[in-house]
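Student:
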Amino acid sequence: MAWTLAIADYPADAIPVFQKAVEIDSSAWLAYEGLARAYADMKMYKEAIPVMEEACRAVTGIWDLSQQFYADIAQWKRRLGDNAGALEAAKVAYLGSSFSPPTVFSYLDCLGANGQHDEVLSILQSLSRETDGGYKKSLLLMTWPYLDWDPFDLLEGVFQAIRKEKLGFLIEDVKAALENVLGSANDWKKRWFCWKTARIVYEYEEAPNLEFVVQNYEMSLDLFGKMFNNTEEEIRDKRHITNFLAMQYYDSAVAAFKSGISPDGYVKKLRDLATSTTTSSGTDAQETFDFYGPGYPSVLWGRWRQIFEQAKKVKWRKCFRPRVLEELNMLDDENPENDTAGTPPGSAN
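First residue of the sequence shown? That's 54 in this note's numbering, and the numbers climb one at a time after it.
#1: I need the boundaries of the alpha helix (DSSP H) containing leucine 220, first residue and last residue.
#2: How do the stretch 127-141 and the stretch 170-184 stand: do at least 3 beta-carbon pairs fall below 8 Å, yes or no?
#3: Going by beta carbon distance, what residues of the same chain come within less than 7 Å of glycine 335, once the five residues before and after it are set aside?
#4: Throw me the rounded Cβ distance for the valine 266 and alanine 251 pair, which I believe falls under 8 Å.
#5: Verify whether the separation of the beta carbon atoms of isoleucine 294 and serine 273 is less than 8 Å.
#6: Under a Cβ-count criterion, where at least 16 other Cβ atoms within 10 Å of its own Cβ denotes burial, should asparagine 262 be classed as buried or exposed?
#7: Which one of Val307, Gly168 and Trp245 has the shortest CA to CA distance from arginine 289?
#8: Using 10 angstroms around the beta-carbon of glycine 313, count the other beta-carbons present and answer buried if the total reaches 16, otherwise exposed.
#9: Quick one, are the C-beta atoms of alanine 111 and tryptophan 129 less than 8 Å apart?
#10: Have a look at lysine 291 and proline 69 and give me their C-alpha separation to the nearest angstrom.
#11: Return the CA-CA distance between threonine 57 and isoleucine 215, expressed in angstroms with no decimal places.
#12: Sort Asn283, Leu220, Ala229 and Glu86 by Cα distance to glutamate 256 and report the nearest one.
#13: Can you give, in chain order, each stretch of the beta strand (DSSP E) that sits fully within the stretch 60-115 and has at least 3 residues?
#14: Between the Cα of aspartate 325 and those of Asn296, Lys96 and Arg131, spot the shortest distance and give me the residue it belongs to.
#15: Which of helix, strand or coil does DSSP assign to leucine 133?
#16: Could you check where the alpha helix (DSSP H) with serine 305 kicks off and where it finishes?
#17: Under a Cβ-count criterion, where at least 16 other Cβ atoms within 10 Å of its own Cβ denotes burial, should glutamate 258 be classed as buried or exposed?
#18: Would arginine 131 be called buried (16 or more neighbouring beta carbons within 10 Å of its own) or exposed?
#19: Taking 8 Å as the cut-off, does the stretch 224-241 touch the stretch 268-287 (at least 3 CB pairs, one atom from each stretch)?
#20: Considering only their Cβ atoms, is the gap separating alanine 108 from alanine 89 smaller than 8 Å?
#21: Look at alanine 93 and alanine 101 and say whether their C-beta atoms are less than 8 Å apart.
#22: Decide if lysine 249 is buried, meaning its Cβ has at least 16 other Cβ atoms within 10 Å, or exposed.
#23: Is DSSP giving asparagine 233 helix, strand or coil here?
#24: Since lysine 365 is in the alpha helix (DSSP H), which residue starts that stretch and which ends it?
#25: Count the other C-beta atoms from every protein chain shown that fall within 10 angstroms of the C-beta of serine 179, then say buried if there are 16 or more, exposed otherwise.
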């Protein structure tokens, strides 16, 4: 009954039933586990931890299960800010079951939180080596998207702490994980994994393949268009993706223009990012009006129209917020070392 309530998302109702089960049989590890998870579901981690420790003591003959319990304890201690205690619990889980993805990832997460990036790298290297059967242990890394665990914060710390030349194997493993995700039917995971993998490649690979990076950012943005809940996190992620693509399109268009190559493909993509709404009152192109968003793509599109298309001011000024336009007007193009020369009289110090 208690598990039924817990699975149905009624942890508060499940707790007294689990407590009654523990009173009836103090060796019932399943009741301890359920009680601990019910507490955790209610974010009562201080109550959950000692109960799950009782579950670890009560489990007999199921070694891997007790290690999973320790991995859970580690994550709950992390949420309470006890990084040292979390690492201790995660290490117990890892030493007992070093090939189980949840225990491996929990240990890596706790190592990263304690700044032990060299140890993280060592474990990741061991996971990347081929086994006797010819299968790569990096298959464990490919399970990242299917666990309730985000590896990218950990990877960012590793990449920032370790020299680039040591990280080639890890980038290849992340790419392999991406291939695994793209072969799935889970568009939510694809959307998330595409741009984060591309970001890792762009920022930390010694010679990143920009085509690979842009394609994955574009794929992620396309998936955002199909599924978007307007949460704060989604808004932030979509803004990052859009701004990155706008920068790439603008730079590519400028490079093509200066090389005498048609920049039309990049220009169209930049315009599409900048345009929030297009209205048309007829078939004539002159009767079509674009309304631009307030963000970075609009600024770059305005600069493109101003500098390279040499469009009339009435055409490009609507791409800028009034404040941005005011700051641009305050620059002194004749003397870039003295921008205050372009400020209104009396405003310069």
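Heads up, the beta-carbon is just placed ideally off N, CA and C, and yes, glycines get one too.
Everything numeric in this text was worked out from a predicted model, so none of it was measured.
Tutor: Taking the definition as stated:
#1: On the sequence shown, position 167 is the one that residue 220 refers to. Careful: leucine 220 lies outside any alpha helix (DSSP H) and carries neither H nor E.
#2: Verdict: no, contact absent.
#3: Translated into the one-based positions of the sequence shown, residue 335 becomes position 282. Because the pLDDT at glycine 335 is just 45, under 50, the model does not fix this residue reliably, and the value given afterwards should be weighed accordingly. Close CB contacts of glycine 335 within its chain, under the 7 Å cut and outside five residues either way in sequence, are absent.
#4: The residue given as residue 266 occupies position 213 in the sequence shown. The residue given as residue 251 occupies position 198 in the sequence shown. Confirmed, Cβ separation roughly 5 Å.
#5: Here residue 294 refers to the residue found at position 241 of the sequence shown. Here residue 273 refers to the residue found at position 220 of the sequence shown. With contacts defined by Cβ atoms closer than 8 Å, isoleucine 294 and serine 273 form a contacting pair.
#6: Residue mapping note: residue 262 aligns to position 209 of the sequence shown, counting from 1. Here asparagine 262 is exposed. Its C-beta has fewer than 16 other C-beta atoms within 10 Å.
#7: By 1-based counting over the sequence shown, the position of residue 289 is 236. Looking at the Cα atoms, Trp245 is the closest of the given residues.
#8: As a working mapping, residue 313 is identified with position 260 in the sequence shown. Taking all protein chains shown into account, glycine 313 has fewer than 16 neighbouring C-beta atoms within 10 Å of its C-beta and is therefore exposed.
#9: The residue given as residue 111 occupies position 58 in the sequence shown. The residue given as residue 129 occupies position 76 in the sequence shown. Result no, Cβ atoms of alanine 111 and tryptophan 129 do not sit closer than 8 Å.
#10: Here residue 291 is taken as the residue at index 238 of the sequence shown, counted from 1. Here residue 69 is taken as the residue at index 16 of the sequence shown, counted from 1. Here the alpha carbon of lysine 291 sits roughly 43 Å from the alpha carbon of proline 69.
#11: Mapped onto the sequence shown, residue 57 falls at position 4. Mapped onto the sequence shown, residue 215 falls at position 162. Answer to the nearest angstrom: the Cα atoms are 47 Å apart.
#12: Along the sequence shown, read from residue 1 onward, the residue named residue 256 stands at position 203. Taking only the C-alpha atoms, the option nearest glutamate 256 is Leu220.
#13: If only uninterrupted beta strand (DSSP E) runs of at least 3 residues are considered, none is enclosed by the stretch 60-115.
#14: Taking the sequence shown and counting its residues from 1, the one referred to as residue 325 is at position 272. The shortest C-alpha separation from aspartate 325 is found at Asn296.
#15: Along the sequence shown, read from residue 1 onward, the residue named residue 133 stands at position 80. DSSP places leucine 133 in coil when its eight states are reduced to three.
#16: Counting from 1 along the sequence shown, the entry for residue 305 is found at position 252. Note, serine 305: alpha helix (DSSP H), 285-311.
#17: The residue given as residue 258 occupies position 205 in the sequence shown. The residue in question, glutamate 258, is buried, as its Cβ has 16 or more Cβ neighbours within 10 Å.
#18: Translated into the one-based positions of the sequence shown, residue 131 becomes position 78. When all chains shown are included, arginine 131 counts as buried.
#19: Counting C-beta pairs closer than 8 Å gives three or more between the stretch 268-287 and the stretch 224-241, which meets the contact rule.
#20: Here residue 89 is taken as the residue at index 36 of the sequence shown, counted from 1. Here residue 108 is taken as the residue at index 55 of the sequence shown, counted from 1. Taking 8 Å as the Cβ cut-off, alanine 89 and alanine 108 qualify as a contacting pair.
#21: Within the sequence shown, residue 93 is the residue found at index 40, counting from 1. Within the sequence shown, residue 101 is the residue found at index 48, counting from 1. Yes. Within cutoff.
#22: Here residue 249 refers to the residue found at position 196 of the sequence shown. Flag for lysine 249 reads buried.
#23: Position 180 of the sequence shown, counted from the first residue, corresponds to residue 233. Asparagine 233 falls in the helix class under three-state DSSP.
#24: Residue numbering aside, residue 365 sits at position 312 when the sequence shown is read from its first letter. Judged by DSSP secondary structure, lysine 365 falls outside any alpha helix (DSSP H); it is assigned neither H nor E.
#25: Along the sequence shown, read from residue 1 onward, the residue named residue 179 stands at position 126. Serine 179 comes out exposed.
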